[in-house]
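S.K.:
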Amino acid sequence: MAVLERPSPPGEYPVVVVGSGPGGLQTSYALSRLGVEHAVISQDDSPGGMFRKWPIYQRLLSWTKPDAPYERTTRAYEWYDHNSLIADEPELRATVAAEMDRMYMVPSRPEMERGLAAFAERGGVQVRYGCRWESTRRDEDGYVLVTSDGEYRCRAVVFALGVTDPWKSPIPGIEEVPHYAETPVPREFEGKRVLIIGKRNSGFEIADGLEPWARQIFLVSPRPVQAAVLSVATVRVRYFEPLEDASWGGGTFALDAAVERIERTESGGFRLHAQGTTRPGEITLEAEAAIAATGFRAPIQDLRELGLGTVGDGRIPALTPYWESTTLENVYFAGNAMQGAAGLRKNGVGSASGTVSGFRYNARLLAQHIAKRLGHKLEWQRLGRDEIVPFLVEQLRGGSEIWTQKGYLARAVYPDGTTHVLPLAHFLDHCEQGSIAVTIEMNAEGAIYPVAYARAGEEIDEKQLPPQHLNDFTGGEYRDALESLL
Amino acid sequence: MPNGEDLVDTLRRFNLFADLDRAQLEAIADPDSERSFAAGERILRRGMSGTGFYVILEGEATVTLGGEELNRLRQGDFFGEISTLLDEPLTADVTADTPLRVLEIAGPRLEAFLISYPRVMFRMLVTEARRLQEVLAWRS
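Next comes the structure, spelled out in structure tokens:
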């Protein structure tokens, strides 16, 4: 049998990407398109390793609609497919949609994994599999990554490792409670009372899966489920059944309580002691099974010792609008950890960077940002003066970047007529006089509307435009508003 | 996080939250509400709407108006409340001087937050009174 040569051996590269999930693949694809030399290393043996483990109960949370008003090979179709990676070549688009068996609107884990593998293969993404990143140190001009295959020197490094290390909140006794990642098949919970510590996505995913089996389910955490988030998030499907059962006073309880301690009972079960938060008072619960659905953290290994700043109780790297560490220059994150850059969060609405649908666009911009820093000259589309307003209203109608990353990404046009997408925060702080940018935004009530920004001396001129029943922002009112800002 | 201190331990040392018990602090200390900024990064921008209320967990920031420094903010200080409470665009810029971590209460949630924790509202009011007093003293 011929021995295949593994790509990207240890050595010196301008950029090293660590990880072969959706974030790593999308970043590598985008870097290649810009002609940026880089290595991709992954400890897994094929793309999308996470989808061989999680989610526990098989299906993803974000939708892919196999048939939509636009053909799958078009850019406009991206809006209907939140799981496929994005590409310039039609044959690389909608690779997850092509795998769907149409039983559900959300792909199963194997469908997602196959879709990613198809993208990597057809896109020619070269990954050195079976190469584990072990430690990191600074070098004169960048970083050295020590791996199981040897040392990689680079000026910039992109960690695309997901947010995949099981994490438990510091509750006395929680070490006795299995983490979400260790949850067995639902059948194991037949007839049992189950304590779930955590009321976020993973907690409700488990609760949803256990509804047909468990005798009773108690979800416990200090903060109430955010009804406002549920009304706009694609993840809400997991919350429906457990919350419905709870609201009718059935066998499920979603309790707002700060857990003080957890102990084992003589019969091998669990006893939980808590203090109510939304409704004060002592709570004691007993159950035969317990699961710590307390979340995950980014596997940042020794980066903290190197000075990596974090958010989310130390779980997520703290990032600038262009996804660079706020404390380590030239250390970038791609994929799910991009949520460490919160953006402006106007009206409390966050970015979509914690999901493939959002971070696939970020990866393209990250590649552009790195290319620019490395001295590559980027070529942007250039518009004539009369083309600017028609182009912008077209973006407001169907620009998938600004529609998916509402309030985080903006479409900008500069005084020389060049146009590209970038993080809104970056535009606001660095744009020159005569530049204009548009976003799609949402308020706390769920209304969707465009916003235009222009620099007016020291101040930002922010113009919020009205919502429209069919989200059609191409009419005269919108054109006139944009024209007046130019 | 300095010395592995968790969010609850940080918040309990602040004057604003001094009256809250552990369960209440845990309810406030939502890790998803933690924001971080690089030194030199802007947090609030004059003229912008829809922002929130922020409490500094770690680091320092400066409030400026047209390039003129108005105030320095440190750990435990809060900002953003005027624009949020009045539902009007921001009147000044706030920029991080050091790597900065803040706890954010999103604008649309501030009213419900203050009503849920009247002791926090009272302490906020006392701080606002002091700020007003300083301005009046400076003017006289």
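Chains S and G are the protein sequences, given in the same order. Residues in the first sequence are numbered consecutively from 3, following this note's numbering. Residues in the second sequence are numbered consecutively from 3, following this note's numbering. Ideal placement from N, C-alpha and C gives every residue a C-beta, glycine not left out. The structure displayed is predicted, hence computed values, not measured ones.
Rank S:Q470, S:I199, S:E331 and S:L394 by C-alpha distance to the C-alpha of S:E177 and give the top, closest one.
M.R.: Closest option to S:E177, Cα to Cα, is S:I199.
S.K.: Does any C-beta atom of chain S lie closer than 9 Å to the C-beta of G:F81?
M.R.: No, its Cβ sits nowhere closer than 9 Å to a Cβ of chain S.
S.K.: Under 9 Å between C-beta atoms, does S:N349 make it to chain G?
M.R.: So, interface residue.
S.K.: List, in chain order, every chain G residue whose beta-carbon is nearer than 7 Å to that of S:A446.
M.R.: Those are P110, listed as they occur along chain G.
S.K.: What separation, rounded to the nearest whole angstrom, lies between the Cα atoms of S:S110 and S:R189?
M.R.: C-alpha separation (whole angstroms): 20 Å.
S.K.: DSSP state of S:R35, grouped into three classes?
M.R.: Of the three classes helix, strand and coil, the one that applies to S:R35 here is helix, per DSSP.
S.K.: Leaving out five residues on either side along the sequence, give the residues of the same chain with a beta carbon under 6 Å from the beta carbon of S:K170.
M.R.: For S:K170, where only same-chain residues beyond five positions count, the Cβ hits under 6 Å are I176, A294 and T296.
S.K.: Let's see if you can read the secondary structure: which residues bound the beta strand (DSSP E) around S:D137?
M.R.: Correcting the residue identity first, residue 137 of chain S is Ser in this sequence and not Asp. Start and end: W135 to D141.
S.K.: What three-state label does DSSP hand G:V137 in the structure shown?
M.R.: Reduced to three states, the DSSP call for G:V137 is helix.
S.K.: Using the C-alpha atoms, what's the distance from S:D418 back to S:A4?
M.R.: Confidence at S:A4 is low in this model, with a pLDDT of 47, below 50, so its placement is unreliable and the value that follows should be read with caution. Straight-line Cα distance between these residues: approximately 54 Å.
S.K.: Which value, in whole angstroms, describes the spacing of the CA atoms of S:R1 and S:A291?
M.R.: Nothing about residue 1 of chain S can be read from this structure; chain S reaches only from 3 to 488.
S.K.: Would the beta-carbon of S:G314 fall within 9 Å of that of G:P101?
M.R.: For S:G314 and G:P101, no; Cβs fall outside 9 Å.
S.K.: What does G:Q26 reach in chain S if we use C-beta pairs closer than 8 Å?
M.R.: In chain order: T279.
S.K.: Straight-line CA distance for S:L87 to S:R95?
M.R.: Each residue's alpha carbon lies about 7 Å from the other.
S.K.: With 16 other CB atoms within 10 Å as the buried threshold, where does G:L138 fall?
M.R.: Counting Cβ neighbours within 10 Å, G:L138 comes out exposed, since fewer than 16 surround it.
S.K.: State yes or no: is the C-beta of G:R103 within less than 9 Å of the C-beta of G:F39?
M.R.: Taking 9 Å as the Cβ cut-off, G:R103 and G:F39 qualify as a contacting pair.
S.K.: At which residues does the alpha helix (DSSP H) containing S:M114 begin and terminate?
M.R.: R111 to R124 is the extent of the alpha helix (DSSP H) around S:M114.
S.K.: If I measure Cβ to Cβ from G:V65 and keep anything under 6 Å in the same chain, skipping five residues before and after, which residues do I get?
M.R.: Only L72, N73, A94 and V96 meet the Cβ criterion.
S.K.: In three-state DSSP terms, what is S:A78?
M.R.: S:A78: helix per DSSP, three-state reduction.
S.K.: Assess contact between the stretch 26-41 of chain G and the stretch 75-82 of chain G, defined as three or more Cβ pairs (one per stretch) separated by less than 8 Å. Is contact present?
M.R.: Counting Cβ pairs under 8 Å, fewer than three are found: no touch.
S.K.: For S:P12, which residues from the same chain have a beta carbon less than 6 Å from its beta carbon, with the 5 sequence-adjacent residues on both sides left out?
M.R.: Answer for S:P12: D151, G152, E153 and Y154, listed in chain order.
S.K.: Looking at S:D431 and G:G49, is the spacing between their C-beta atoms short of 9 Å?
M.R.: No, the pair does not count as a contact, with Cβ atoms beyond the cut-off.
S.K.: Could you tell me whether any non-hydrogen atom of the ligand MN is closer than 8 Å to the CB of G:P91?
M.R.: As presented, the structure is devoid of all ligands, the ligand MN included, so that no description of it is given.
S.K.: Applying a beta-carbon distance threshold of less than 8 Å, which residues of chain G neighbour S:R317?
M.R.: Neighbours of S:R317 on chain G, chain order: P33.
S.K.: Looking at chain S, is there any beta carbon in it that lies within less than 9 Å of the beta carbon of G:R44?
M.R.: Cβ-Cβ to chain S under 9 Å: yes for G:R44.
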